[in-house]
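The working numbering runs 4 ahead of the 1-based position in the sequence shown.
We put the CB at the ideal spot given by N, CA and C, even for glycine.
Please read these numbers as outputs of a predicted model, since none were measured by experiment.
Below: one structure, written as structure tokens.
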Amino acid sequence: MTAIPAIADEAKATIEENSKMTNDDPKAQTVQQAIDDLIQTATTYDVDTLDRIYHDSLHVIMIDADHNLNTANKEAFKGLFASKRDAGDPPMNTWAKYHSIDVNGDNAHVLLSRKNDLSGVNMDLTLSIDLIFEDDRWQVIREVIFLRPEEQPS
5 MTAIPAIADE AKATIEENSK MTNDDPKAQT VQQAIDDLIQ TATTYDVDTL
55 DRIYHDSLHV IMIDADHNLN TANKEAFKGL FASKRDAGDP PMNTWAKYHS
105 IDVNGDNAHV LLSRKNDLSG VNMDLTLSID LIFEDDRWQV IREVIFLRPE
155 EQPS
């Protein structure tokens, strides 16, 4: 029975294709690479590298499914990843779908969807991320994260 692996491979290819955004703008490609690096770094709890990706003035705003608002600065948000690393948690899901990447000089905005269990529950996330180009690299200065329970297939 090879049909099941073939279906799984096809689904994986579809997810990978959906996670890519076609953008011919070299600056937008650089911004997307910075977010790809952020996703890889955050999902493996590499707090030292997060320190370089997150701007010192990072402000994170999270709104959960019950409309509760939580905020964090750079140290608090890195602490969340450090606690998962220290607890020995397995890496999180790296799935991402880019909806929009806008670059205006040294400022950029990225809108994307993600799936992960950072809160301990599988969630669908919509993220609005602002970046600034400073010290020869793109740095995340603000993340607005909307959380909702992951939709289960029917």
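Selection from the options that minimises the alpha carbon distance to residue i
i: Asp55; options: Leu84, Lys31, Ala32 and Asn72; result: Leu84
i: Asp121; options: His113, Asp106, Asp29 and Asp68; result: Asp68
i: Thr53; options: Gln37, His103 and Leu42; result: Leu42
i: Leu135; options: Asp29, Lys88, Ser61 and Pro30; result: Ser61
i: His63; options: His71, Thr75, Ile57 and Asp70; result: Thr75
i: Ile145; options: Asp110, Val51, Asp28 and Asp93; result: Asp110
i: Gly92; options: Asp50, Asp128, Val35 and Asn126; result: Asp50
i: Arg89; options: Thr48, Phe137, Val35 and Asp139; result: Thr48
i: Met127; options: Trp99, Phe137 and Asp139; result: Trp99
i: Ala112; options: Ser87, Glu138, Asn97 and Pro94; result: Glu138
Residue i burial status per 10 Å Cβ neighbour count (16 or more: buried)
i: Gln143; result: buried
i: Glu79; result: exposed
i: Arg118; result: buried
i: Gln44; result: exposed
i: Val125; result: exposed
i: Gln36; result: buried
Residue i vs residue j beta-carbon contact at 8 Å
i: Ile149; j: Ile39; result: no
i: Glu154; j: Leu131; result: no
i: Lys82; j: Tyr102; result: no
i: Leu115; j: Leu151; result: no
Cβ-Cβ separation, residue j to residue i (assumed contact under 8 Å), whole Å
i: Ala46; j: Ile105; result: In fact, because the Cβ distance is near 18 Å, the residues do not count as touching under 8 Å.
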